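Trainee: Our numbering numbers the first residue of the sequence shown as 1210 and each following residue consecutively.
Even glycine gets a Cβ: it sits at the ideal position worked out from N, Cα and C.
Keep in mind the model is a prediction, meaning the values are calculated, not measured.
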Amino acid sequence: MPNHRLLTLVHSYGNPIIENEKATLVWEGPHAPLVIDDIHGWGDNPQKMKRVSAGMSTFTFTVPGDAYLEYGYVDAQSGSRIEDPFSHNKIHNGIDAYNHFFYMPGSGPNPLTHKRRDIDHGVITKHKIATQDYAAGSERTVYLYQPPVKEEVPLVLVYDGSDYLRKGKLNIIVDNLISENRIRPIAMTFVQNGGQARGLEYSCSELTLGFITECILPLAHQELKLLPPNKETYGVIGASLGGLMALFTGVRMHSLFGKVLSQSGAFGTPEYEFSIVDLIRYAPKPDIQIWMDAGRLEFLLEGNRQMVSLLKENDYRVQYKEFSAGHNYTAWRNDISTGLEFLFGK
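#1: Starting from W1541, follow the beta strand (DSSP E) in both directions and report where the run begins and ends.
#2: Suppose you measure from the CA of H1309 to the CA of A1285; what does that come to, to the nearest Å?
#3: Whose C-beta lies closer than 6 Å to the C-beta of I1291 among residues of the same chain, with five residues either side of it excluded?
#4: Going along the chain, which unbroken runs of the alpha helix (DSSP H) with 4 or more residues stay wholly within the segment 1321 to 1365?
#5: Would you call the segment 1230 to 1245 and the segment 1484 to 1494 in contact, with 3 or more CB pairs under 8 Å?
#6: Please specify which runs of the beta strand (DSSP E), each continuous and at least 3 residues long, are wholly inside the segment 1400 to 1462, giving them in chain order.
#7: Who are the near neighbours of R1325 in its chain, counting only those whose CB is closer than 6 Å to its CB and skipping five residues on each side?
#8: Between the alpha carbons of T1417 and P1438, how many angstroms are there, rounded?
#9: I'd like the span of the alpha helix (DSSP H) that includes Q1515, first residue to last.
#10: Got a sec? Which residues, its chain only, sit under 6 Å from T1334 by beta carbon, not counting five neighbours each side?
#11: Assuming R1490 is part of the alpha helix (DSSP H), what are its boundary residues?
#12: To which residues of the same chain is M1516 closer than 6 Å at the C-beta, ignoring the five residues directly before and after it?
#13: Suppose the cutoff is 7 Å on Cβ atoms and the five residues either side in sequence are ignored; what does the same chain contact list for S1289 look like?
#14: Please confirm whether L1321 and L1386 have their CB atoms less than 8 Å apart.
#15: Measuring CB to CB, does N1319 end up less than 8 Å from K1555?
#16: Are the beta-carbon atoms belonging to A1406 and L1433 less than 8 Å from one another?
#17: Assuming R1505 is part of the alpha helix (DSSP H), what are its boundary residues?
#18: Could you give the distance in angstroms between the alpha-carbon of I1295 and the alpha-carbon of T1269?
#19: What number of angstroms, rounded off, separates the C-alpha of E1348 from the C-alpha of K1468?
#20: Secondary structure at N1224, three-state DSSP: helix, strand or coil?
#21: Within this structure, are the beta carbons of A1448 and S1473 separated by less than 8 Å?
#22: For the segment 1262 to 1326, which segments carrying the beta strand (DSSP E) assignment without a break, of at least 3 residues, lie completely within its bounds, in sequence order?
#23: Can you grab the Cα-Cα spacing for the pair N1537 / F1466, in whole Å?
#24: So is D1246 buried or exposed if we call it buried at 16+ other beta carbons inside 10 Å?
#25: Measure the C-alpha to C-alpha separation of P1427 and H1336 and round it to an integer number of angstroms.
#26: If A1429 and L1364 are in contact, beta carbons under 8 Å, what's the gap, nearest whole angstrom?
#27: With 8 Å as the threshold, decide whether the Cβ of V1469 is near any Cβ in chain C.
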């Protein structure tokens, strides 16, 4: 594509310029930054832009036509972040910076994330509970979701609850799914993680299970209209390390949490395996139902594929899906409705 046309397009429509499954980022100026992104492992593998003229450089991705992708620019010398002046699409990366993002033509935001005025909405309440030495800190924030129905309903436990509320918009998605009769009504308890202690709490921690049974469930039964778990099994949701902890919770507490939704689970490293692997291999198989998903562009993809194979080898009931995106809450919220319908669909 001629250079002048690229500049005209990027000034008119912003980055990237998309043609078929090619997405081209354009930089105007003499000193081009490095590109970091979902496809190339972010800071571990920064990409050089191609200088096409004295005042312009480009970088072209080959991206699946249904993908959501995040990227950023960094200074080639200092490694510090640089804004893309041709992109107004920004989202926090959940750690220390903002990423730019775009959707390919065959994709887009999940319409279930839009809050509708013409339906009934569940009620969110905020609570502080004592951790009783089962979790980091003396108290923890918990949000409860009561669906807009009068009957008793099953409970779904959500790890990283504040993120699933704020970034994942899970209460809005569930409101819409219930209103469209696509899932049965569910209540939810959104449990905040332990901050710097998150890794300890979510790495197959027995103490976290104690926190759930001794602190979270009593609050949920006190405040929500819940069916007893022997009438209908409860569910558990998590992403990344929370996805690992969701599966661990289902395997270890299967009489309570018989429905597991794990998104991009962090199931181990080449150096070691979490205890969940031995539980699946050697412990009696619990009667649980599992939904897993992961992004084709993320670093945990192979670990998720290996976990699915392990579960199937040991006769677990597991359904698995891959989506064209990386490791982030936008990808998880765009896909989670499929898992909810699988586990709680009417």
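Mentor: Taking the coordinates as given:
#1: Here residue 1541 refers to the residue found at position 332 when the sequence shown is read from its first residue. Run containing W1541: none in the beta strand (DSSP E); it sits in the alpha helix (DSSP H), Y1538 to F1553.
#2: By one-based count along the sequence shown, residue 1309 stands at place 100. By one-based count along the sequence shown, residue 1285 stands at place 76. Computed Cα separation, rounded: 18 Å.
#3: Here residue 1291 refers to the residue found at position 82 of the sequence shown. For I1291, where only same-chain residues beyond five positions count, the Cβ hits under 6 Å are P1242, Y1282 and D1284.
#4: none
#5: no
#6: 1443 to 1448
#7: Position 116 of the sequence shown holds residue 1325. Cβ within range, chain order: n/a, list empty.
#8: In the sequence shown, counting from the first residue as 1, residue 1417 sits at position 208. In the sequence shown, counting from the first residue as 1, residue 1438 sits at position 229. One C-alpha to the other measures close to 19 Å.
#9: Numbered from 1 along the sequence shown, position 306 holds the residue referred to as residue 1515. Start and end: L1510 to E1522.
#10: Stepping through the sequence shown from its first residue, residue 1334 is reached at position 125. The residues are L1353.
#11: Taking the first residue of the sequence shown as 1, we reach residue 1490 at position 281. Note, R1490: alpha helix (DSSP H), S1484 to Y1491.
#12: Taking the first residue of the sequence shown as position 1, residue 1516 is located at position 307. Closer than 6 Å at the Cβ level, and outside the excluded window around M1516, lie F1476.
#13: Counting from 1 along the sequence shown, the entry for residue 1289 is found at position 80. Here the set comprises V1283.
#14: As a first step, residue 1321 is located in the sequence shown; it is residue number 112 there, counting from the start. As a first step, residue 1386 is located in the sequence shown; it is residue number 177 there, counting from the start. Their beta carbons are under 8 Å apart, which means L1321 touches L1386 by this criterion.
#15: Stepping through the sequence shown from its first residue, residue 1319 is reached at position 110. Stepping through the sequence shown from its first residue, residue 1555 is reached at position 346. No. Outside cutoff.
#16: Your numbering for residue 1406 matches position 197 in the sequence shown. Your numbering for residue 1433 matches position 224 in the sequence shown. The answer is no: Cβ separation not under 8 Å.
#17: Here the question's residue 1505 lines up with position 296 in the sequence shown. Segment: none, R1505 is in no alpha helix (DSSP H) and carries neither H nor E.
#18: Residue 1295 sits at position 86 when you count from the first residue of the sequence shown. Residue 1269 sits at position 60 when you count from the first residue of the sequence shown. Just to set this straight, residue 1295 is Phe in the shown sequence, not Ile. Roughly 15 Å between the two C-alpha positions.
#19: Residue numbering aside, residue 1348 sits at position 139 when the sequence shown is read from its first letter. Residue numbering aside, residue 1468 sits at position 259 when the sequence shown is read from its first letter. Whole-angstrom Cα-Cα distance: 27 Å.
#20: By one-based count along the sequence shown, residue 1224 stands at place 15. The answer is coil: DSSP assigns N1224 none of H, G, I, E or B.
#21: Working through the sequence shown from its first residue, we reach residue 1448 at position 239. Working through the sequence shown from its first residue, we reach residue 1473 at position 264. Cβ distance < 8 Å, so A1448 and S1473 count as in contact.
#22: 1265 to 1271, 1277 to 1283, 1299 to 1301 and 1307 to 1312
#23: Along the sequence shown, read from residue 1 onward, the residue named residue 1537 stands at position 328. Along the sequence shown, read from residue 1 onward, the residue named residue 1466 stands at position 257. Rounded to the nearest angstrom, the two C-alpha atoms are 25 Å apart.
#24: Sequence index remark: in the sequence shown, residue 1246 carries index 37 (1-based). D1246 comes out buried.
#25: Taking the sequence shown and counting its residues from 1, the one referred to as residue 1427 is at position 218. Taking the sequence shown and counting its residues from 1, the one referred to as residue 1336 is at position 127. C-alpha separation (whole angstroms): 12 Å.
#26: Reading the sequence shown from its first residue, position 220 is the one you call residue 1429. Reading the sequence shown from its first residue, position 155 is the one you call residue 1364. 6 Å between Cβ atoms; contact.
#27: Annotation note: the requested chain C is absent from the structure, which comprises a single protein chain.
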